[in-house]
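Visitor: Handing you a structure now.
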Amino acid sequence: MAQTPATPKTRRWALSLWARLIGPNRLAKTANLQASERAALALRTQGTVGAPQNPTLTFLIPLVGQHHVKDWSGVSHRLAATLTSFTRQDNDNWRALICGQDAPELPDPLTQDSRITFLPFTTPVQGNDKWAKLRTLCDALPTHVTTDGYVMPFDADDLLAPGQITAILNSQSPGGSLVSLGYVSDQQNDRIALAGPPTLTKPRRKPFWKLCGSCAAIRYRPEDGPAFLSELTQHEHRMFPYLAALAGRPLKPLQDPAALYILNHGDNFGARRGRVSSKTRFTQRYAITDPQQIADIRTPFAFEKISPPEAPAKS
36 MAQTPATPKT RRWALSLWAR LIGPNRLAKT ANLQASERAA LALRTQGTVG
86 APQNPTLTFL IPLVGQHHVK DWSGVSHRLA ATLTSFTRQD NDNWRALICG
136 QDAPELPDPL TQDSRITFLP FTTPVQGNDK WAKLRTLCDA LPTHVTTDGY
186 VMPFDADDLL APGQITAILN SQSPGGSLVS LGYVSDQQND RIALAGPPTL
236 TKPRRKPFWK LCGSCAAIRY RPEDGPAFLS ELTQHEHRMF PYLAALAGRP
286 LKPLQDPAAL YILNHGDNFG ARRGRVSSKT RFTQRYAITD PQQIADIRTP
336 FAFEKISPPE APAKS
């Protein structure tokens with residue numbers, strides 16, 4: 036199953052302008068639009084919405100099938116690290132929905148956590164099935180999420196920084212939050228870099244949301260239904276801010292580095308799509324070299340827990 040192509044940047048700009056000038060209803064009737072853009076305009080017709088009261092953050096995690104990877108125990112271990120980055124937060128108002136062909140091998144504290152739900156994926160898909168799993172997760176929202184809040188697609192090998200659930204839920208953002216600052220770790224080459232908006236001294240640096248899919252907590256109200264999120268998650272993550280703004284629910288950047296994206300661990304989704312090399316070069320160009328700074332980054336992420344323990348030597 037192929038990812039839905041992104042709308043060209045110039046067309047994104049034009050559609051955003053026309054949505055303001057002639058309104059969403061008229062634009063939907065006159066323009067050739069992608070399904071995600073139509074869903075966004077449908078939300079826009081509802082007008083502005085206030086910030087959610089007592090929101091919940093729901094993570095949507097597509098899990099690769101065991102038949103697609105070389106090291107299933109490593110996949111399960113990295114997912115456990117991802118989930119642990121949620122359980123270590125200072126805010127318990129979250130839940131995680133995981134969708135995959137095979138239930139992961141998780142330690143008991145995680146298997147017994149009622150906030151974590153596994154949804155079996157049984158649909159035959161040719162090629163990469165990540166997008167089909169994301170649609171399944173979105174379509175399951177009405178069953179599992181009955182209160183106003185935010186939904187955050189999250190890869191099963193990324194980590195959330197401490198304090199970020201509180202930051203998202205307390206943001207009072209009507210549309211949601213965007214991860215502009217975050218860390219990118221090249222595990223194979225033992226490098227870590229800070230992704231963020233370009234600066235005068237780093238004009239080619241990219242914000243985190245252009246590099247990693249675990250980058251946006253998007254407003255979800257049960258009365259809206261899952262259609263917008265179902266279509267939005269079929270695109271690459273670079274489309275998320277555009278579509279949220281087109282829906283009249285722009286994303287508010289978080290203030291601190293909010294997540295850690297791990298490259299080159301052997302079973303990345305991106306590696307199977309041939310899309311890791313540019314990110315490897317990014318970590319090389321913007322590598323943090325100060326040992327104390329690296330230690331200060333790794334400690335709150337419990338970085339040492341990411342790699343699975345070595346198997347005991349055979350006698």
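Position one of the sequence shown corresponds to residue 36 (my numbering), numbered consecutively onward. Virtual Cβ for every residue (Gly too), placed ideally from N, Cα, C.
(1) Specify the secondary structure class of Ala279 as computed by DSSP and reduced to three states.
(2) Can you give me the start and stop residues for the alpha helix (DSSP H) that Thr201 sits inside?
(3) Identify whether Asp331 lies in helix, strand or coil by the three-state DSSP scheme.
(4) Assign Pro97 to one of three DSSP states: helix, strand, or coil.
(5) Using beta-carbon positions only, say whether Arg123 and Ile151 come within less than 9 Å of one another.
(6) Among Leu195, Leu278, Arg239, which residue has its Cα nearest to the Cα of Ser249?
(7) In the DSSP output, which residue or residues are listed as bridge partners for Asp2?
(8) What does the alpha-carbon distance come out to for the pair Arg170 and Gly184?
(9) Quick check: what's the CA-CA separation for Ser312 versus Arg320?
(10) To which residues of the same chain is Tyr277 closer than 6 Å at the C-beta, ignoring the five residues directly before and after it?
(11) To which residues of the same chain is Ala138 closer than 7 Å at the C-beta, ignoring the five residues directly before and after it?
(12) Do you know how far the Cα of Pro40 is from the Cα of Leu114?
(13) For Pro144, report the span of its beta strand (DSSP E) as first-last.
(14) As a quick exercise: from Arg333, Gln328, Ser265, pick the residue whose alpha carbon is nearest that of Glu72.
(15) Under DSSP, the alpha helix (DSSP H) around Arg256 begins and ends at which residues?
(16) Run the CB neighbour count on Gln207, radius 10 Å, all protein chains shown included, and call it buried at 16 or more, exposed below.
(17) Excluding five sequence neighbours on each side, which residues of the same chain lie with their C-beta closer than 6 Å to the C-beta of Gln136?
(18) Compute the Euclidean distance between the alpha carbons of Ile332 and Leu229, then round it to the nearest angstrom.
(19) Enumerate in chain order the residues of its own chain whose CB-to-CB distance from Asp193 is below 7 Å, with the five nearest sequence positions on each side excluded.
(20) Tell me the start and end of each unbroken alpha helix (DSSP H) in the segment 137-188 that is at least 4 residues and wholly inside, in chain order.
(21) Can you tell me whether Asn89 is buried or exposed, with buried defined as 16 or more other CB within 10 angstroms of its CB?
(22) Taking the alpha carbon of Arg79 as the reference point, which residue from Phe336, Gln199, Ser51 has its own alpha carbon closest?
(23) Hey, Pro232 and Ser212: beta-carbon distance below 9 Å or not?
(24) Going by DSSP in three states, Thr324 sits in which element: helix, strand or coil?
Guide: For this structure:
(1) helix
(2) 199-204
(3) Asp331: helix per DSSP, three-state reduction.
(4) strand
(5) no
(6) Leu195
(7) Residue 2 falls outside the range modelled here, since the chain spans only 36 to 350, and no answer is possible.
(8) 19 Å
(9) 12 Å
(10) Excluding five sequence positions before and after Tyr277, the CB atoms of its chain that fall closer than 6 Å to its own CB belong to Arg47, given in chain order.
(11) Phe153
(12) 28 Å
(13) Not the beta strand (DSSP E): Pro144 falls in the alpha helix (DSSP H), residues 143-146.
(14) Ser265
(15) That residue, Arg256, is in no alpha helix (DSSP H); it is neither H nor E in DSSP.
(16) Exposed, because fewer than 16 other Cβ atoms sit within 10 Å of the Cβ of Gln207.
(17) Gly100, Phe156
(18) 10 Å
(19) The beta carbon of Asp193 lies closer than 7 Å to those of Thr117, Cys247, Ser249, Ala294, Leu295, Tyr296, Ile297 in the same chain, with the five residues before and after it left out.
(20) Runs of the alpha helix (DSSP H) lying entirely within the segment 137-188, each at least 4 residues long, are 143-146, 165-174, 176-179 in chain order.
(21) exposed
(22) Selection Phe336, Gln199, Ser51 evaluated against Arg79 yields Ser51 as nearest (Cα-Cα).
(23) no
(24) coil
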